[in-house]
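According to the UniProt record's numbering, the sequence shown is numbered sequentially starting from 1. We put the CB at the ideal spot given by N, CA and C, even for glycine. What follows is a short report on a single structure.
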Amino acid sequence: MATMSAERAALAPDPQRPQHALRGDIQGLRALAVGIVLLYHLRPAWLPGGFVGVDVFFVISGFLIIGTLTGEVRRSGTVSLRDFYARRIRRLLPAATVTLLATVAAVVLLLPQSQWPKIMREAVGSALNAQNWLLAFLSNDYGHATAGASPVQHFWSLAVEEQFYLVIPLLLIASAALARRFDSRAVRYAAVAIAVVTVASFVFSVVYTRIDHGAAYFVTPTRMWELGVGGLAAMVLHRVSLGRAARELLGWLGFAAVAFSAVYYTTDLQFPGWVAAVPVLGTAAMLIATDTLLGRMLGMRPARYLGDISYSLYLWHWPVIVVLLELSDNEQLSKKEMLVAAVLSLAFAAASKRFVEDPFRRNRFGRRRGTYAFGAVLVVVSVVAASVPWYTSVRTLDRLAGTSALDADHPGAMALDPRDPVPAPARVPLVPDPAIANEDGPYRGRGDCHVYLLTFPDNACSWGEATAPKTVILLGDSHAAQYSTPLIDFAEGHGRGQWKVRTMTRNGCPFTTVPPSEAGWPFTVCSDQNLAVLERVKAAKPDLVVLSGMTREAYQSDLKWTWASREEMLRGYREMLGSLKAANIPVAVVKDLPRPDGQVPRCLERNRSDVAACGTPRAEAFAGAGDPLVEAAAGFPSTKIVDLTPWYCRDEVCPAVVGNVVVYRNNHVTNMYSRTLATPLLSQLGMI
């Protein structure tokens, strides 16, 4: 986000302007940007495109910083790197460090230990200005704040800016040196260099956003052009003088562009890409349009004050919202909680501005060397403060994982067996412990099998004796993969020598000929792979193919993927099932599991003495139009339908814990609970 106060919001020197013409409207524009972001994070549905507030900040920051640096080039013919980075340290680091340390303390005091490793890892990334790359590599979604989001996730935008400012001063210095060599104006070379970087970054943003818009949202090369546009706007303003009518029109058009983006954009868009040009160019237009009615409105005292504290408000609002979400254990804040979050954010921001930002910005620490030493100390303190709980929590969770095991006290699904329920003793520790339940997934030690690739050899994801006379192949998405464990256990246990198991599952890829789409872009890699996998299955001639998959509603809710219609999804399944039937391959379809309410492991961590509080009413767990794969399979009478619902749910509720075993990890089944489903699963499949 933009990071200079009103006192420093000065234009580059112009012989026809006052040397330090202050721009109160820029502070108002900052207020607009932070207000958009705050409202979006409080309640995304109210302002679905509020994430563009960050883009507004990028443009403002580019306008101010590049404008200041090019002014320095005009005056002195170069840029002082030591002075520039010393100013950045004094301006940014103290407030960011205080926020990070306070957030780390709040996490340790208020949040479950299972969340510490992720949050502390991101806190270290934030302290090192690498948070954006960390989030990109982890494929995070910054669509909106929900329970479970990291309270330091928003530091990604600060990391983008600081990485950009590692490059721009060097680019300006090189431009100045080139200008001296050819006896030309340095700013002209600088403008060309910044324009080239801006255009290249924009093209890359458009292309890469189509390839992987989750990562594209965070990485620096897709965002540099936004800051570059701000810098070019500062250069245009220095050289071009517009008439009053033109300035008024330009300002209001820019405001309309930003407002339109904030109101009508959604996270379904391929963003940033070319669509980010609307709020970016709109912001640039407002910056170029000086001395206008809009500018005077933005420069009013309340807006200017909000702009003054906008940096601290941006730092504080997100951890406040996320911590309140965690404590409320809801997917969104109530209106009363939203008011509390807004008041706390403003209070913390005002205190940070007065007692942290201003004093440290004005303190020169004697010499530049003192500033750099101070900055290094702040970074080290932040890294150490986050690393200690990170290390201790990982050790604790590893110990819990090592002691979690199934035994007679943990019958799991068999405690709900309709014919012969196995009693489960009371006051027995849960397995897996709720603190590690989200990590208890299938394919332990064979993580690559989560995404079966066509480059894998045929036996890549195979279990059991190679000479076993019968073969079962598991196909589908991650909801199919969760049944791999009981099949593998059987092939390596009681069924050893009789059955071998092969899995060809891929996360987020249902076994259909019609791929899901995201924002209108079909996931063709999925359908293409499915057709190739189908040929492998036909060649293998297995004794049984087992299929399962998420429902259409689950794909829409969890992955934001969808089909044009339910009939399209059914058609894709029918075509696959028809191909398997034509090849005379027996097929069994496992009905999708109940959909739990919220984050079950987190709920259990808070309610260890009342696990019933974390159950989901059966009607809610199966809300929706039903399982499309089961519906499609009903048209093929020879296909077996496996329904494990009685081993998940009682008459009125689907418990979070059954037989002292935690049932769910996010929207999947824990690996341990999956193991306890072996008897009903294998029986209905006809394997025992």
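Whose C-alpha, out of the options, is nearest the C-alpha of residue i?
i	options	result
serine 548	Ser484, Asn363 and Val533	Ser484
glycine 231	Ser609, Ala190 and Val206	Ala190
serine 382	Val104, Cys654, Ser674 and Ser683	Val104
threonine 670	Leu531, Asp440, Tyr648 and Met576	Asp440
aspartate 212	Val258, Ala246 and Gly273	Gly273
methionine 286	Ser557, Val258 and Tyr208	Val258
phenylalanine 51	Phe218, Ser674 and Met504	Phe218
serine 387	Arg304, Arg536 and Gly125	Gly125
proline 359	Thr70, Pro94, Ala656 and Asp592	Pro94
leucine 269	Thr209, Ala246, Thr222 and Gly254	Thr209
proline 617	Tyr648, Ala276 and Thr467	Tyr648
serine 462	Lys538, Leu346 and Thr471	Thr471
proline 389	Arg74, Val323, Gly686 and Ala106	Ala106
arginine 354	Tyr391, Val196, Tyr311 and Phe63	Tyr311
glycine 412	Ala656, Glu122, Ala303 and Tyr314	Ala656
arginine 223	Gly497, Ile89, Tyr305 and Ser205	Ser205
threonine 99	Gly53, Arg665 and Ala123	Ala123
valine 600	Ala632, Leu400, Asp329 and Thr283	Asp329
Measuring only the C-alpha atoms, how far is residue i from residue j?
i	j	result
alanine 480	threonine 267	28 angstroms
leucine 681	glycine 615	23 angstroms
threonine 198	valine 653	56 angstroms
lysine 118	valine 661	24 angstroms
methionine 297	aspartate 610	55 angstroms
aspartate 528	leucine 475	14 angstroms
valine 589	cysteine 509	16 angstroms
tyrosine 372	tryptophan 156	22 angstroms
proline 442	threonine 505	11 angstroms
threonine 512	arginine 552	12 angstroms
asparagine 667	alanine 415	21 angstroms
residue 689	aspartate 83	Here the chain covers residues 1 to 688 and nothing more, so residue 689 does not appear.
proline 279	serine 261	6 angstroms
alanine 539	threonine 455	16 angstroms
alanine 177	glycine 62	22 angstroms
leucine 64	arginine 30	12 angstroms
arginine 595	phenylalanine 622	6 angstroms
valine 73	histidine 238	14 angstroms
valine 24	aspartate 308	Note that residue 24 is glycine in the sequence shown here, rather than valine. Going from the Cα of glycine 24 to the Cα of aspartate 308 covers about 10 angstroms.
proline 169	tyrosine 85	10 angstroms
proline 516	threonine 78	53 angstroms
glutamine 482	glycine 493	18 angstroms
methionine 550	leucine 109	36 angstroms
DSSP on residue i, reduced to helix/strand/coil?
i	result
tryptophan 499	strand
histidine 213	helix
proline 617	strand
glycine 49	coil
leucine 128	coil
alanine 176	helix
proline 590	The sequence given here places valine at residue 590; proline does not occur at that position. Residue state, collapsed to three classes: strand.
glycine 71	helix
leucine 138	coil
lysine 581	helix
lysine 470	strand
Whose C-beta lies closer than 8 angstroms to the C-beta of residue i among residues of the same chain, with five residues either side of it excluded?
i	result
residue 690	The structure shown has nothing for residue 690, since the chain only spans 1 to 688.
valine 431	Ser404, Ala405, Leu406, His410, Asn660, Val661, Val662 and Met672
proline 486	Ser674, Arg675, Leu677, Ala678, Leu681 and Leu682
serine 638	Lys581, Pro586 and Val587
leucine 171	Ala190, Ala193, Ile194 and Val197
leucine 685	Val472, Leu544, Val546, Ala588, Lys640 and Val642
residue 689	Lying before the first or after the last residue shown, residue 689 is absent from the chain, which here runs from 1 to 688.
Looking only at its chain, what residues have a beta carbon closer than 6 angstroms to the beta carbon of residue i, apart from the 5 residues adjacent to it on each side?
i	result
threonine 146	Note that threonine 146 scores a pLDDT of 47, beneath 50, so its modelled location is shaky; the value from the coordinates is reported in the next line. So the list reads Glu331, once near-sequence residues are dropped.
threonine 220	Val160 and Gln163
threonine 97	Leu378 and Ser382
valine 394	Pro117
Residues in its own chain within less than 7 angstroms of residue i by CB, not counting five upstream and five downstream?
i	result
serine 579	Leu534
leucine 39	Trp46, Leu47 and Gly50
glycine 143	At glycine 143 the pLDDT is 49, less than 50, meaning the model places this residue with poor confidence; the figure from the coordinates comes in the next sentence. Cβ neighbours of glycine 143 beyond the five flanking positions: Thr267.
glutamate 465	Arg496, Gly497 and Lys500
serine 5	Because the pLDDT of serine 5 is 35, which lies under 50, any placement of that residue in the model is unreliable, and the number read from its coordinates should be weighed accordingly. So the list reads Asp308, once near-sequence residues are dropped.
arginine 43	Gln332 and Met338
Next item on the list: Let me know the beta strand (DSSP E) ranges lying completely inside the segment 249-319, each 3 residues or longer, listed in chain order.
Entry: Correct list: empty.
Next item on the list: Only counting runs of 4 or more residues, tell me where the alpha helix (DSSP H) segments fall wholly within the segment 602-683, in order along the chain.
Entry: Scanning the segment 602-683 for uninterrupted alpha helix (DSSP H) segments of 4 residues or longer gives 618-621, 628-633 and 671-676, listed from N- to C-terminal end.
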